Amino acid sequence: QAGGTLGAQDTLDNTHDSYARLYEASYLAGIAAGEKTATNLLGYVAARPTAQVISAYTAYYLGAKHANPDVTMVVRYTNAWEDAGQEASLAQGLIDLGCDVLSHYTDTTAVAETAQANGVSVVGYNQDMAAVAPDAALVSLWIDWSVYDAYALSCLFQGEEIPQDWCGSYAEGACALSDLGKAAASGTAQAIQDAADGLADGSLQVFAGPLHGVNGEGEVLSLGKDAYYTENQDSSAPTFRYIVDGITILE
Numbered sequence: 055q056a057g058g059t060l061g062a063q064d065t066l067d068n069t070h071d072s073y074a075r076l077y078e079a080s081y082l083a084g085i086a087a088g089e090k091t092a093t094n095l096l097g098y099v100a101a102r103p104t105a106q107v108i109s110a111y112t113a114y115y116l117g118a119k120h121a122n123p124d125v126t127m128v129v130r131y132t133n134a135w136e137d138a139g140q141e142a143s144l145a146q147g148l149i150d151l152g153c154d155v156l157s158h159y160t161d162t163t164a165v166a167e168t169a170q171a172n173g174v175s176v177v178g179y180n181q182d183m184a185a186v187a188p189d190a191a192l193v194s195l196w197i198d199w200s201v202y203d204a205y206a207l208s209c210l211f212q213g214e215e216i217p218q219d220w221c222g223s224y225a226e227g228a229c230a231l232s233d234l235g236k237a238a239a240s241g242t243a244q245a246i247q248d249a250a251d252g253l254a255d256g257s258l259q260v261f262a263g264p265l266h267g268v269n270g271e272g273e274v275l276s277l278g279k280d281a282y283y284t285e286n287q288d289s290s291a292p293t294f295r296y297i298v299d300g301i302t303i304l305e
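This is the structure:
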């Protein structure tokens with residue numbers, strides 16, 4: 055199951071989970087947003103307040119801060135994976151607040167189309183948004199499921215065991231970025247490459263301190279300068295659920 059947790063927890067032989075380190079691609083895409091913004095206010099349309107979504111948009115925000123320490127971000131939830139009308143409405147509201155770079159964790163092109171129509175920038179999710187937002191798209195990110203499919207088939211053909219819980223990295227191609235759009239700021243490509251190199255060799259951690267946040271149950275995360283939160287430590291499915299300082303959830 056994509057994004058499942060049973061494979062990491064049970065002892066059955068026929069349950070398998072798979073996911074990717076989407077937080078790595080999200081962090082890199084966030085660098086494009088941080089390099090681009092002039093208002094230092096980012097807007098994000100998110101589907102649901104799950105760890106899968108929170109992990110991704112927090113990584114995106116931290117990537118933006120990597121490039122621009124002054125950025126903050128406003129998040130609004132649709133509470134649906136796919137609701138183009140609501141996504142467009144929330145995106146418009148974020149633009150009206152002064153957000154000049156939008157992103158999203160939803161399954162339609164509505165946020166990108168709204169950015170294009172309003173002359174602001176967008177970082178796309180789940181597909182390359184350049185086709186619907188040619189003037190607005192900075193970069194897009196997605197999970198490339200073919201990497202896991204090829205790996206699992208290779209295991210079958212070679213008679214090897216398929217891990218019950220698999221999580222591929224950005225360096226392995228399990229999650230990817232599109233080419234940069236024409237609206238991307240100068241220097242963005244090199245900044246992303248430098249960060250990608252750091253992720254690959256372990257010198258850069260996405261959820262690195264100093265970092266403070268609180269989850270929905272009131273549990274506090276407080277990381278010092280040299281500490282970091284290890285995502286996917288217990289399962290391929292994300293577990294980061296903290297709303298960190300600098301991110302505002304707008305009802």
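In the working numbering, the protein residues as written are 55 to 305. Using N, Cα and C, we set each Cβ at its ideal position, and we do this for glycine too. Treat the numbers as computed from the prediction; the structure is a model and nothing was measured.
* Proximity winner among A74, Y98 and S72, relative to L304 (alpha-carbon distances) -> Y98
* Asked: Thinking just about the alpha-carbon of each residue, which of L192, W196 and A164 is nearest to the one in Y179?
  -> W196
* Give me whichever residues DSSP pairs with G307 in a beta bridge. => Since the first residue of the chain shown is 55 and the last is 305, residue 307 is not available in this structure.
* Who are the Cβ neighbours of Y81 in its own chain at under 8 Å, not counting the five residues just before and after it? -> A113, Y114, L116, G117, H120, A249, L253 and V260
* To do: Measure the alpha-carbon distance for A309 versus Y159 and round it to whole angstroms.
  => Nothing can be reported for residue 309: it is not among the residues displayed for the chain, which extend from 55 to 305.
* DSSP three-state assignment for I301, whether helix, strand or coil -> strand
* Inspect the beta-carbon positions of Q146 and P292 and report whether they are closer than 8 Å. => no
* How would you write the range of the alpha helix (DSSP H) that S143 sits in, first residue to last? -> A138 to L151
* Run through DSSP, which three-state label would H70 get? -> coil
* To do: Sort G222, N122, A92 and E226 by Cα distance to A245 and report the nearest one.
  => N122
* In angstroms with no decimal places, state the Cα-to-Cα distance between H70 and G256. => 27 Å
* Asked: Nearest-angstrom Cα distance between T91 and V155?
  -> 6 Å
* Asked: Residue range of the alpha helix (DSSP H) that L192 falls in?
  -> No alpha helix (DSSP H) holds L192; the beta strand (DSSP E) holding it covers A191 to I197.
* **Rounded separation between E271 and Y131 - CA only** => 18 Å
* To do: Please go through the same chain and pick out, in chain order, the residues whose beta-carbon is closer than 6 Å to the beta-carbon of A206, but skip the five residues on each side of it.
  => I216
* Hey, could you find the ends of the beta strand (DSSP E) G267 is sitting in? => L265 to V268
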